[in-house]
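Undergrad: Numbering (the working numbering), first residue to last: 4 to 142. Built from N, CA and C at the ideal position, the CB exists for glycine as well. Take this structure, written in structure tokens, and hold onto it; I'll ask about it next.
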């Protein structure tokens, strides 16, 4: 059995794992991304929001995995990704799925509020970053 990476969370309360992941280089995270994405399955887990924040800059590395979740049937996981992960770094297949959920949600997606979360995510995605706004103000 392979050694467990010290970066992986131990449980849903392991907030220090999010800090370790935020400090890790992308090359170290790549092999762990499928396992890390699983920690975002429930939006109520204390780890979900801080881990998503640590993973946001690396979204393109796991775009297809995220899109697969958004196409799937786990509505809680979709909601967690829409609430906590989707931002200006979101693109590719994930962005297409977010648009689909906002524009043509399934009955289950509507029931869980994923359509509203997707619409809010699209607003975050299209909003310029804070640093870009400050740069334009100072130019």
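Which class does residue 89 belong to by DSSP, given the choice of helix, strand or coil?
TA: Reduced to three states, the DSSP call for residue 89 is coil.
Undergrad: So is residue 18 buried or exposed if we call it buried at 16+ other beta carbons inside 10 Å?
TA: When all chains shown are included, residue 18 counts as exposed.
Undergrad: Expressed to the nearest angstrom, what Euclidean distance is found between the alpha-carbon atoms of residue 21 and residue 54?
TA: Their Cα atoms are separated by approximately 5 Å.
Undergrad: Give me, in chain order, the residues of the same chain whose beta-carbon lies closer than 7 Å to that of residue 29; leave out the 5 immediate sequence neighbours on both sides.
TA: Only 61 and 64 meet the Cβ criterion.
Undergrad: May I ask you to report which of helix, strand or coil DSSP gives residue 73?
TA: If DSSP states are grouped into helix, strand and coil, residue 73 belongs with the helices.
Undergrad: With respect to the alpha helix (DSSP H) encompassing residue 81, which residues constitute its N-terminal and C-terminal limits?
TA: 78-83 is the extent of the alpha helix (DSSP H) around residue 81.
Undergrad: From this set, 27, 40 and 32, which residue's C-alpha is nearest residue 15's C-alpha?
TA: Of the candidates 27, 40 and 32, the one whose C-alpha sits nearest the C-alpha of residue 15 is 40.
Undergrad: Here's the rule I'm using: 16 or more other beta-carbon atoms within 10 Å means buried, otherwise exposed. How should residue 143 be labelled?
TA: Nothing can be reported for residue 143: it is not among the residues displayed for the chain, which extend from 4 to 142.
Undergrad: Is it buried or exposed, residue 33, if we count other Cβ atoms within 10 angstroms and call 16 or more buried?
TA: Counting Cβ neighbours within 10 Å, residue 33 comes out exposed, since fewer than 16 surround it.
Undergrad: Starting from residue 38, trace the alpha helix (DSSP H) both ways and give me its first and last residue.
TA: Note, residue 38: alpha helix (DSSP H), 36-41.
Undergrad: Excluding five sequence neighbours on each side, which residues of the same chain lie with their C-beta closer than 8 Å to the C-beta of residue 128?
TA: Result list for residue 128: 89, 90, 91, 93, 98 and 101, in chain order.
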